[in-house]
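Read through the structure below, which is laid out as structure tokens, and then see the notes.
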Amino acid sequence: MERHPDSATGSRSLWQVLGHGNDLSPRFPSRYQPGHGGGDPSHYWPSPSLSQLWRILFAAEPDGGGDLAQHIPFRGGEKPVRVLIAAGGTGGHLFPALAIARSLRRRDPEMQIHFAVSGIGREEEWLEGEGIPAHRIAVKGLKGKRADQLVLSLASLPRALMQCWHLLSLLAPQVVVGLGGYVSGPLLLLSTAKGIPTLIHEQNAFPGLANRIAAPFVRHIAYSFPGSERHFRVKRVKMTCTGMPIRREITQGSRGEAALRFGLDPERFTVLCFGGSQGARKINLSLLESLSHLMPLQRELQFLHVSGQIEFETVASGYSSFPFPARIFPFVRDMASAYALADLVVCRAGASTIAELAACGKPSILIPYPHAANDHQRRNAEALAGIGGAFLLPDEELNGSRLAGLIEQCYRDPEGRRIMGMKAGSFARVDADERVAELVLSLIREGERSKEELPC
């Protein structure tokens, strides 16, 4: 995995910096605007009425600790381009954000990219591997909560807004990009109040709550699925169908090397099963149940099963009762190799998964998570299954017998498998990361032009 650490001549913790003075923004001349003075231009700040509101809301300083105690690099002599990306909670938000960040760095290796995350998933582990600073915002989701959980979520909101405000003041990003999730909403709201250009990317076929709320206020909206634009009540001119950004290495696996890596036979028909970054209990148990129905194919099939940490022991024990070659892992980082070895994929229908299946041209059995917000996984699955690129198996119809029947059907119909993979491939937009990166850069250029037009 590539590492791109930000170069820096020195660093201070965020709360240390916040303790000095009222102007929290670094004052460096822009390297795109040589000769211009430092500091934030007036268009980065809200109108007087909004400014008064923010002073009332955020008059209190944060305590001496806090979740944002990260080290932020600075470079002297010039003001670097900074982009702040709000993403996290699940891999579905984080991985496309990482793809966008990589694309931006390919275009401008000196660009400083920061992430705002919720801290409830594995975001910081992944970002550390990329050399990207992560800033934790203490915010909780609101949708689908019990009454007591909703009270706690609402109670966390003022502190989260304060953290977002201070982070924006310190970093002074040229653009803020939101990919949904708990952090995205407050950060985009305050970025708009500060006059910072904003962009959202909607991954799913039906937009999430945070993006729908933010849509009227942001500068531009990128989205993955054709037809998603119907759900945004904004002018079409500010929307672009970019596709879903994915990690480019996902398509670069080798079947032979993958077989060696996982200890499986490259000649056997391989079923890859996974349930997302957290696993999926019902898929795990249904796959185990299907094995008894698939015994006539024990010499032909093998399984690569990503169970999730919680179900790992149960799944590993279940396979031990059957003669199928199988490798079980709680989590797999090298999904490129997993896809390369797979002849058929059994999985949920998150937007990242749909995009990866399409990019790799893999036939699949999609089992949408039934409790996803707005039933967006079903809508994602329908988009791919609707063109013949996948089977759609509703969660309520999932059982071992039904799953075994579809696996056997795919195995016994190689031509049908080939056509399904080809149709899935036609759904791919492998340059989606570049498309979104270009939108980000266009907002940066737009901001630079706005600076030039400001009166002296």
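Taking the working numbering, the leading residue of the sequence shown gets 1216, the next gets one more, and so forth. Glycine is no exception: its CB is placed at the ideal position from the N, C-alpha and C atoms.
Span separating the alpha-carbon of residue i from that of residue j
| i | j | result |
| --- | --- | --- |
| Gly-1334 | Pro-1629 | 44 Å |
| His-1350 | Val-1655 | 20 Å |
| Ala-1652 | Glu-1464 | 18 Å |
| Leu-1607 | Ser-1616 | 15 Å |
| Ser-1386 | Gln-1327 | For the record, residue 1386 in the displayed sequence is Leu; it is not Ser. The alpha-carbon atoms of Leu-1386 and Gln-1327 are separated by roughly 10 Å. |
| Arg-1483 | Leu-1313 | 34 Å |
| Val-1296 | Arg-1660 | 11 Å |
| Glu-1611 | Arg-1476 | 35 Å |
| Glu-1444 | His-1435 | 12 Å |
| Gly-1458 | Asp-1646 | 8 Å |
| Pro-1545 | Ala-1570 | 22 Å |
| Glu-1504 | Leu-1516 | 15 Å |
| Thr-1466 | Cys-1488 | 18 Å |
| Pro-1583 | Leu-1502 | 15 Å |
| His-1416 | Ile-1300 | 11 Å |
| Arg-1627 | Ile-1634 | 14 Å |
Same chain only: Cβ atoms within 7 Å of residue i, ignoring 5 sequence neighbours per side
| i | result |
| --- | --- |
| Gly-1307 | Gln-1418, Gly-1565, Ala-1566, Ser-1567 |
| Ser-1508 | Sequence inspection shows His at residue 1508; the Ser mentioned does not correspond to that position. Here the set comprises Gly-1615, Ser-1616, Ala-1619. |
| Cys-1625 | Leu-1559, Pro-1578, Arg-1632 |
| Gly-1400 | Ala-1425, Ile-1428, Ala-1429 |
| Phe-1642 | Ala-1573, Leu-1599, Ile-1602, Gly-1604 |
| Pro-1460 | Pro-1311, Ala-1314, Ile-1315, Ala-1647, Asp-1648, Val-1651 |
| Ala-1274 | Caution applies to Ala-1274, whose pLDDT of 38 falls short of 50 and renders its modelled position unreliable; the value that the coordinates give is listed next. None. |
| Arg-1374 | Ala-1353 |
| Ala-1541 | Gln-1517, Phe-1518, His-1520, Tyr-1534 |
| Val-1398 | Ala-1301, Gly-1303, Ala-1331, Val-1332, Ser-1333, Ile-1352, Val-1354 |
Whole-number beta carbon distance between residue j and residue i, since they are thought to touch under 8 Å
| i | j | result |
| --- | --- | --- |
| Pro-1578 | Arg-1644 | Incorrect: roughly 19 Å between the Cβ atoms, too far for contact. |
| Gly-1423 | Ala-1302 | That pair is no contact at about 12 Å. |
| Leu-1519 | Thr-1485 | 6 Å |
| Arg-1563 | Ala-1495 | 6 Å |
| Leu-1581 | Ala-1596 | 4 Å |
| Leu-1658 | Pro-1412 | 4 Å |
| Ala-1414 | Val-1390 | Sequence inspection shows Leu at residue 1414; the Ala mentioned does not correspond to that position. Their Cβ separation, rounded to whole angstroms, is 6 Å, which keeps Leu-1414 and Val-1390 in contact under 8 Å. |
| Ala-1331 | Leu-1382 | 7 Å |
| Ala-1613 | Lys-1497 | Contrary to the premise, residue 1613 reads as Leu rather than Ala in this sequence. That pair is a contact at about 6 Å. |
Proximity winner among the options, relative to residue i (alpha-carbon distances)
| i | options | result |
| --- | --- | --- |
| Trp-1380 | Gly-1410, Leu-1402, Val-1390 | Leu-1402 |
| Gly-1523 | Glu-1649, Ser-1552, Ile-1543, Glu-1504 | Ile-1543 |
| Lys-1409 | Ser-1384, Ala-1420, Phe-1421, Val-1392 | Ser-1384 |
| Val-1298 | Glu-1345, Gly-1344, Gly-1393, Glu-1340 | Gly-1393 |
| Ile-1347 | Arg-1548, Gly-1478, Arg-1320 | Arg-1320 |
| Gly-1490 | Phe-1539, Asp-1480, Pro-1585, Gln-1467 | Pro-1585 |
| Asn-1589 | Ala-1420, Cys-1488, Ile-1411, Glu-1623 | Ala-1420 |
| Ala-1551 | Glu-1472, Ala-1375, Met-1635, Val-1354 | Glu-1472 |
| Pro-1441 | Arg-1627, Thr-1455, Ala-1541, Val-1561 | Thr-1455 |
| Ile-1525 | Ser-1318, Leu-1404, Tyr-1438, Leu-1500 | Leu-1500 |
Closer than 7 Å to chain D by CB, residue i
| i | result |
| --- | --- |
| Ile-1347 | The chain labelled as chain D is not found in the depicted structure, where only one protein chain is given. |
Contact set for residue i: own chain, Cβ-Cβ below 8 Å, skip 5 residues either direction
| i | result |
| --- | --- |
| Gly-1576 | Gly-1636, Met-1637, Ala-1639, Gly-1640, Ala-1643 |
| Ser-1469 | Ser-1552, Ala-1555 |
| Ile-1622 | Val-1486, Ser-1505, Leu-1509, Leu-1516, Leu-1559, Val-1561, Ile-1580 |
Sequence-distant residues of the same chain with beta carbon closer than 6 Å to residue i, five excluded per side
| i | result |
| --- | --- |
| Leu-1376 | Pro-1401 |
Between the segment 1530–1545 and the segment 1447–1454, are three or more C-beta pairs nearer than 8 Å? Because the criterion of three Cβ pairs below 8 Å is not met, the segment 1530–1545 and the segment 1447–1454 do not touch.
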